[in-house]
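One structure below.
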Amino acid sequence: MQNYSNVLLNAIKSVTQNISLMEVCGTHTMAIARSGIRELLPSNIKLLSGPGCPVCVTSQGDIDAVIEMVRLNDIILLTFGDMMRVPGTRSSLQEERSRGADIRIVYSPLDALRVARENPEREVVFLGIGFETTTPAVAATLEEAREERLSNFSVFSLHKLVPPALEIIFSDPEIQVDGLICPGHVSAVTGIQPYETLAAKYGKPCVVTGFETVDILEGIFMLVNQLQKSQARAEIQYRRVVRADGNQVALDSINRVFEAVPVRWRGLGMIPYSGLRLRPEYSDMDARLRFNIPELEEIPIKGCACGAVLTGKILPTDCALFGQACTPLKPVGPCMVSHEGSCAAYYRYIPGREGTK
Amino acid sequence: MCLGVPGKVIELKENHRAIVDVNGNRAEISVRLTPDVKPGQYVLIHAGFAMEIMDESAAQETMQYLLEVLRYAELQ
Amino acid sequence: MKTDRVLMAHGSGGLMSQRLIDEIFKTAWNNEIMESMLDGAIFNIKPGRLAMSTDSFVITPLFFPGGDIGKLSICGTVNDLVACGARPLYLSTAFIIEEGLPISDLRQIARSMAQTAREAGVKLVTGDTKVVEKGKADGVFINTTGIGMIPEGIDYRPARIQPEDKVIVTGQVGDHGLAILAQREGLSFNTPALSDCAPLYQLGEIIERYGDAIRCMRDPTRGGLATVLNEIAVQAGLGIQVKATDIPVSAVVQGACDMLGMDPLYMANEGKMVIFASPESAGDICADLRRLPQAEGAAIIGSVSSKPAGMVLIETELGAQRILGMLEGEHVPRIC
Chain C
152 MQNYSNVLLN AIKSVTQNIS LMEVCGTHTM AIARSGIREL LPSNIKLLSG
202 PGCPVCVTSQ GDIDAVIEMV RLNDIILLTF GDMMRVPGTR SSLQEERSRG
252 ADIRIVYSPL DALRVARENP EREVVFLGIG FETTTPAVAA TLEEAREERL
302 SNFSVFSLHK LVPPALEIIF SDPEIQVDGL ICPGHVSAVT GIQPYETLAA
352 KYGKPCVVTG FETVDILEGI FMLVNQLQKS QARAEIQYRR VVRADGNQVA
402 LDSINRVFEA VPVRWRGLGM IPYSGLRLRP EYSDMDARLR FNIPELEEIP
452 IKGCACGAVL TGKILPTDCA LFGQACTPLK PVGPCMVSHE GSCAAYYRYI
502 PGREGTK
Chain X
292 MCLGVPGKVI ELKENHRAIV DVNGNRAEIS VRLTPDVKPG QYVLIHAGFA
342 MEIMDESAAQ ETMQYLLEVL RYAELQ
Chain Z
24 MKTDRVLMAH GSGGLMSQRL IDEIFKTAWN NEIMESMLDG AIFNIKPGRL
74 AMSTDSFVIT PLFFPGGDIG KLSICGTVND LVACGARPLY LSTAFIIEEG
124 LPISDLRQIA RSMAQTAREA GVKLVTGDTK VVEKGKADGV FINTTGIGMI
174 PEGIDYRPAR IQPEDKVIVT GQVGDHGLAI LAQREGLSFN TPALSDCAPL
224 YQLGEIIERY GDAIRCMRDP TRGGLATVLN EIAVQAGLGI QVKATDIPVS
274 AVVQGACDML GMDPLYMANE GKMVIFASPE SAGDICADLR RLPQAEGAAI
324 IGSVSSKPAG MVLIETELGA QRILGMLEGE HVPRIC
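Heads up: the protein sequence lines correspond to chains C, X and Z, in order.
At position 182 of the first sequence the residue is numbered 333 (the numbering used here), and the sequence of numbers has no breaks.
At position 55 of the second sequence the residue is numbered 346 (the numbering used here), and the sequence of numbers has no breaks.
At position 254 of the third sequence the residue is numbered 277 (the numbering used here), and the sequence of numbers has no breaks.
Now the structure itself:
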């Protein structure tokens, strides 16, 4: 494997063209940072981070809304660990928990269902966050809750869809991207069709890539190879997991439970048909309706450039707050809070970064 | 946003559940999204659900294909 | 004991307190110092340098695969003394017990402590018990404080570490952290991983023979290997480089961490040591350590340099270097 990785790396290094590739998926940002690929790539090949971090792109108003719900109601809130430290305007879930709110970390939405079964007299809310990888799991959980006729379980949906955001990226004249490293597990659900559309429309190659170091090298190699041949196709590198048709069972589950609505993405603004809300048939399990959560106004954080970072317009190190006012210990925006946020990855993993001890 | 890990399906249970083995760890997950899965197959696990049945031979095929591409490029 | 649960009365100092101490603790820990039943322990020691260490244990669950809070409370303090270069001698212990704790649990914990203390060659010489109302403690909180003697010529401190020194870890990391995590409510998975909780005094004896070739030792408990390396890098004012592929992690621990989105390098260990040693002796030290069951996986994982001072770098499988930083916030399961 070591040898094969080096073969790929050398082949990539032999390319002299200036190439900018965007890794859409936050887990890719993390994996790339952890493997050290960025240091080993030649300077003519740039990797930009895109908006594929569901925690990062959660608007501040949404986090405030969740906190409001927790403060005003006696509920058990179950969430993935990722969300605990994300800052709202004035507080975070971690802080609310220290103030006495019953907020618990779970690994799966099924764990939340179990808490609901075990606590029939309590209101149990699951904070649903994630793209197409996670949404089917939450949809399936809601269907199971419905089958069991659970009356104390609801979901606060912050789920979003990836393809509409990619459309925004590619159509923005300020963003210079030659090819796309497409998210491996999102694509296991969606299949390759969204990227075929994008590749055809914008003339950029798209490669669905896995998360091991060798996967990422193969993915970059395949993109660079296409660019050298002036091709713009959608390909799958991650064939051991991703099928061209995706997972129709998962897609059907999403469609039965959720519908696409316009939602605000941090840094990208309002994107039509990019968010998921529970359908009317599931409105009784929609926490927003159950607890009358209003749309809260978005108050921008002064100096926070998460938006520009998320769209690859600037590097984390270009943000004035990076490493000074904004560090993983005291993050300003989600790009630094989330383990996979571009800024967190830069801060943790790149030697010689600004603002180090 | 996609932490997923391969696991081997050991046993199918009722209510769309299955026991999987991840390097010796045993977990109970849902196979509701992969209803055709059989014991002995590998699945990609995310957030307590099997997302896809894995095809390990595909990794080998991709490597062979890319090495071919490289060889071809060298010959040019 | 007439009751099967600890009651507030057991902490009031009266007859019931006495009964608790006699039947649970003294029975388990009988030794001549304890026997004297004074307010404190009195013993003679040879003149020399003493080391003292204290630790409190608040772990839940109280019983876990590979041990319990009792065993942990002895190992934790014994190992801290060993890390100081001391031969552990005497331990005190204090209990804060939650009202309602089953007496059988307390008995089991006391027995574990006695057994572990015997294995480690230390004596439990004095103690204290208090009982608090239900809800004010997680079953039981235990503090142990220990003293040991440091032999002539032994001096383990970060300030003694030099550039070129090697970094050794005495075995696989992450097992204890994973064993505990798997017991947590909300995670339905079973792991064969056992806590590596063990007293390491024998390790201390082997290491002693190397004299000043040993610069510093520390046990990577809370926060794991990465945390300890960072602490020492800062305290020594030096840089540490480790190789990812040289750090021993079992496939079981790696698989579970991959599933939960966690990192073995930040998971707690209760039976491991990180040792900084001279480059000439590091190889022999590892070979010697591997003869011990608790250190059969001892390996050199990296080395020390003058720069970048205060930082830990890790070499990836591709040969690139990245920073192995401190943990910020809690280490929790994630999906991203």
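Even for Gly, the Cβ is constructed at its ideal location relative to N, Cα and C.
{"Asked": "Delimiting residues of the alpha helix (DSSP H) encompassing Y224 (chain Z)", "Found": "Y224 to E231"}
{"Asked": "Among X:K299, X:V334, X:E302 and X:L361, nearest to N398 (chain C) - alpha-carbon criterion", "Found": "X:V334"}
{"Asked": "Option in Z:S127, Z:F48, Z:A182 and Z:G227 with minimal Cα separation from D103 (chain Z)", "Found": "Z:G227"}
{"Asked": "Rounded straight-line distance, which links the Cα of Q131 (chain Z) to that of T26 (chain Z)", "Found": "16 Å"}
{"Asked": "Range covered by the alpha helix (DSSP H) that runs through Q131 (chain Z)", "Found": "I126 to A143"}
{"Asked": "Cβ neighbours of K94 (chain Z) in the same chain (closer than 8 Å, five flanking residues each side left out)", "Found": "S135, M136, Q138, T139 and C220"}
{"Asked": "I214 (chain C) and T230 (chain C) closer than 8 Å at C-beta", "Found": "no"}
{"Asked": "Element boundaries [alpha helix (DSSP H), containing G99 (chain Z)]", "Found": "I92 to A106"}
{"Asked": "Same chain, Cβ closer than 7 Å to P330 (chain X), five either side skipped, listed in chain order", "Found": "V300, I301, E302 and L303"}
{"Asked": "Per-residue burial, P84 (chain Z) [other beta carbons within 10 Å of its own, 16 or more giving buried]", "Found": "exposed"}
{"Asked": "Residues that R378 (chain Z) contacts on chain X, provided the C-beta gap is smaller than 9 Å", "Found": "Here chain Z has residues from 24 to 359 only, and residue 378 (chain Z) is not among them."}
{"Asked": "Alpha-carbon to alpha-carbon, A305 (chain Z) and Q344 (chain Z)", "Found": "23 Å"}
{"Asked": "Minimum length 4: unbroken alpha helix (DSSP H) runs contained in the segment 393-480 of chain C", "Found": "399-408, 438-441 and 457-461"}
{"Asked": "Within-8 Å CB hit, P84 (chain Z) to chain C", "Found": "no"}
{"Asked": "8 Å CB neighbourhood of E180 (chain Z) in its chain, flanking five on each side removed", "Found": "The displayed chain sequence assigns Arg, not Glu, to residue 180 (chain Z). R238 and C239, listed in sequence order."}
{"Asked": "Proximal chain C residues relative to P326 (chain X), where beta-carbon distance stays under 9 Å", "Found": "V400"}
{"Asked": "Supposed close pair R430 (chain C), V408 (chain C) - CB separation, criterion 8 Å", "Found": "6 Å"}
{"Asked": "Residue from C:C457, C:N224, C:L480 and C:D396 whose Cα sits closest to the Cα of S200 (chain C)", "Found": "C:C457"}
{"Asked": "Residue span of the alpha helix (DSSP H) that contains P202 (chain C), given as start and end", "Found": "Run containing P202 (chain C): none in the alpha helix (DSSP H); it sits in the beta strand (DSSP E), I196 to G203."}
{"Asked": "Within chain C, partners of G234 (chain Z) - CB distance below 9 Å", "Found": "Those within 9 Å of G234 (chain Z) in chain C number zero; the least Cβ separation is about 33 Å."}
{"Asked": "C-beta contact flag for T364 (chain C) and S156 (chain C) at 8 Å", "Found": "yes"}
{"Asked": "Cross-chain neighbours of Y353 (chain C) in chain X, by beta carbon under 8 Å", "Found": "Within chain X, no residue comes near Y353 (chain C); the closest Cβ sits about 23 Å away, beyond 8 Å."}
{"Asked": "Buried or exposed (CB count within 10 angstroms, at least 16 for buried), D45 (chain Z)", "Found": "exposed"}
{"Asked": "Members of the segment 129-154 of chain Z that neighbour chain X once the beta carbon cut-off is set at 7 Å", "Found": "none"}
{"Asked": "Members of the segment 308-332 of chain X near chain Z, C-beta cut-off 7 Å", "Found": "V313, N314, G315, N316, R317, A318 and E319"}
{"Asked": "Supposed contact pair Y389 (chain C) and T348 (chain C) - C-beta distance, whole angstroms, cut 8 Å", "Found": "Not a contact, Cβ separation roughly 19 Å."}
{"Asked": "Three-state class that DSSP yields for F164 (chain C) in the structure shown", "Found": "Sequence inspection shows Lys at residue 164 (chain C); the Phe mentioned does not correspond to that position. Correct three-state label for K164 (chain C): helix."}
{"Asked": "Contact the segment 461-477 of chain C vs the segment 330-337 of chain C: 3+ CB pairs below 8 Å", "Found": "no"}
{"Asked": "Within-8 Å CB hit, I346 (chain Z) to chain C", "Found": "yes"}
{"Asked": "Beta strand (DSSP E) runs wholly inside the segment 260-348 of chain Z, at least 3 long, in chain order", "Found": "262-266, 297-300, 322-328, 335-338 and 344-346"}
{"Asked": "Per-residue DSSP class, three states only, for C220 (chain Z)", "Found": "coil"}
{"Asked": "Separation of G325 (chain Z) from H179 (chain C), as counted between CA atoms", "Found": "27 Å"}
{"Asked": "DSSP beta-bridge partners of A309 (chain X)", "Found": "X:L303 and X:I320"}
{"Asked": "Alpha carbon of T284 (chain C) to alpha carbon of H337 (chain X), nearest angstrom", "Found": "8 Å"}
{"Asked": "Chain C within 8 Å of P356 (chain Z), Cβ atoms only", "Found": "yes"}
{"Asked": "Assumed close pair C204 (chain C), C359 (chain Z) - CB separation to whole angstroms, cut-off 8 Å", "Found": "7 Å"}
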